[in-house]
Amino acid sequence: MSEKESILGIDLGTSSVKIILRCRDGMVAKGKETYREATPSGWWEAVEKALSGLDLSHLKAIGLSSQVGTYIVDGREVIGWDSKKGAEELAEVKSAHGKETFVREISMPHPDIISYPLPRLLYIRKHYPGADRVCQPKDFLCEMLTGNCVTDQYSWRGLAHLSSGRYSRKLLEEIGFSVDRLPKLTGICDIAGYTGKLSLKGNVLPAGIPVFTGMNDFFSSLLGMGVYRTGDLFDITGTSEHLGVIEPTVKLDTELVSGPYLRGNVHYGVTASSGVSLDYGKRLFGFDNIEPERCLKNRPPVFLPYLNGERAPVWDAEARGMFVGIHGSCEKRDMAYAV
Numbered sequence: 013m014s015e016k017e018s019i020l021g022i023d024l025g026t027s028s029v030k031i032i033l034r035c036r037d038g039m040v041a042k043g044k045e046t047y048r049e050a051t052p053s054g055w056w057e058a059v060e061k062a063l064s065g066l067d068l069s070h071l072k073a074i075g076l077s078s079q080v081g082t083y084i085v086d087g088r089e090v091i092g093w094d095s096k097k098g099a100e101e102l103a104e105v106k107s108a109h110g111k112e113t114f115v116r117e118i119s120m121p122h123p124d125i126i127s128y129p130l131p132r133l134l135y136i137r138k139h140y141p142g143a144d145r146v147c148q149p150k151d152f153l154c155e156m157l158t159g160n161c162v163t164d165q166y167s168w169r170g171l172a173h174l175s176s177g178r179y180s181r182k183l184l185e186e187i188g189f190s191v192d193r194l195p196k197l198t199g200i201c202d203i204a205g206y207t208g209k210l211s212l213k214g215n216v217l218p219a220g221i222p223v224f225t226g227m228n229d230f231f232s233s234l235l236g237m238g239v240y241r242t243g244d245l246f247d248i249t250g251t252s253e254h255l256g257v258i259e260p261t262v263k264l265d266t267e268l269v270s271g272p273y274l275r276g277n278v279h280y281g282v283t284a285s286s287g288v289s290l291d292y293g294k295r296l297f298g299f300d301n302i303e304p305e306r307c308l309k310n311r312p313p314v315f316l317p318y319l320n321g322e323r324a325p326v327w328d329a330e331a332r333g334m335f336v337g338i339h340g341s342c343e344k345r346d347m348a349y350a351v
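Residue numbers (my numbering): 13 to 351.
The structure is reproduced here in structure tokens:
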């Protein structure tokens, strides 16, 4: 057993790929690469760049995570989680069933999220009638590494029953979508496959390395933070932001999102434009000259961060951001403070 033995984590986020290589001796190497474009080829190009220069010769395992709600149709067309496609289909799906049916089939009430699998797959069935296969970013990454298009139940929340780990055949049949067109479901700690010898730009990934299925970036973040006990609170921010608590049971009557997570249940709200708002504020106003005490005395406006619509509990893809309470003494620093 060598102190140089290492494990590799890869996360395909919305705007960039993040990697971490941890050695048995405690040494840690990190990498991040922004996508040239949000396409499968753009993602893989970023993975290669992020891995370039790292010592992978002692690698023993790889774990995966990624954004979810983004769908790849036949390996080419990408429908992002923040796309408005599926709004009409969401209404169809939710009007067809009550909460009891959803809890029985997918182990949770179906939230008003158009990027969940059922509305998006129904949209794909209507607009891509010849599509042979649909997967998500982590599934694509798994296939690139191992040749196996494999996924987990948490990445397909809203279609997979999170306790049994199976897709809902009933709901798939009702939207006219074959389960054969979806990735195979396995457990989050299962080995999805093994690497073939891959020649990357600037590196070589050894063959025979086990790749573990992993799960969606949100749940991976919760687990990495040690959030899994009933009563644990969390606030996770990135492009979007998740704020919630671990509960003993699923909440049926809520405008938020509630569903199984490991041995408990996660209950949370999510804003669509957390990091996006910071990028927006920095670009327009800059954050270098903010003086909080001075800004507060000047009665700064309130910023509503609905730059790309809003999710829980507003659930309105057409919602738009605004500054409320602007007055004649407002300065650029006050606007920056509000953001």
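Where a beta carbon is used, it is the ideal one built from N, C-alpha and C, also for glycine. Since the model is a prediction, treat every value here as computed from it, not as a measurement.
Where do the N-terminal and C-terminal ends of the beta strand (DSSP E) with residue i fall, by residue?
| i | result |
| --- | --- |
| H139 | That residue, H139, is in no beta strand (DSSP E); its alpha helix (DSSP H) goes 129 to 139. |
| F230 | Premise fails: F230 lies in the alpha helix (DSSP H), 229 to 236, not in any beta strand (DSSP E). |
| M8 | Lying before the first or after the last residue shown, residue 8 is absent from the chain, which here runs from 13 to 351. |
| V80 | Run containing V80: none; DSSP gives neither H nor E here. |
| K30 | 28 to 35 |
| N320 | N320 -> no beta strand (DSSP E), and no H or E assigned at all. |
| T251 | Counting along the chain, T251 falls outside any beta strand (DSSP E), and DSSP gives it neither H nor E. |
| T46 | 40 to 46 |
| L68 | Unbroken run through L68: none, as it is neither H nor E. |
| V262 | Per DSSP, V262 belongs to no beta strand (DSSP E) and is neither H nor E. |
| V216 | 215 to 217 |
| V314 | 314 to 316 |
Just checking my contact of residue i with residue j at CB under 8 Å: how many whole Å lie between their CB atoms?
| i | j | result |
| --- | --- | --- |
| A58 | Y47 | 5 Å |
| A350 | F315 | 4 Å |
| T163 | L133 | Incorrect: roughly 14 Å between the Cβ atoms, too far for contact. |
| E146 | I84 | According to the sequence as given, residue 146 is Val; it is not Glu. Confirmed, Cβ separation roughly 7 Å. |
What would DSSP say about residue i, mapped onto helix, strand or coil?
| i | result |
| --- | --- |
| I302 | coil |
| T113 | helix |
| R345 | helix |
| Y273 | strand |
| P325 | coil |
| P222 | strand |
| Y240 | coil |
| D94 | coil |
| L102 | helix |
| V59 | helix |
| L308 | helix |
| G142 | coil |
| I118 | helix |
| G208 | coil |
| S18 | strand |
| G54 | helix |
| A284 | coil |
| A331 | coil |
On the CB-based measure, 16 or more other CB atoms within 10 Å of its CB, does residue i come out buried or exposed?
| i | result |
| --- | --- |
| L217 | buried |
| K150 | buried |
| E267 | exposed |
| E253 | buried |
| D124 | buried |
| H122 | buried |
| R345 | buried |
| H339 | exposed |
| V282 | buried |
| H173 | buried |
| T242 | exposed |
| G43 | buried |
| R88 | exposed |
| S232 | buried |
| M334 | exposed |
Can you tell me where the alpha helix (DSSP H) holding residue i begins and where it ends?
| i | result |
| --- | --- |
| D291 | 287 to 296 |
Is residue i near the ligand SAH, in the sense that its beta carbon is under 6 Å from a heavy atom of that ligand?
| i | result |
| --- | --- |
| S64 | The ligand SAH is not part of the structure shown, which contains no ligands of any sort. |
Which parts of the segment 149 to 203 are runs of the alpha helix (DSSP H), unbroken and 4 residues or longer, counting only runs that do not cross its ends? 149 to 158, 181 to 187
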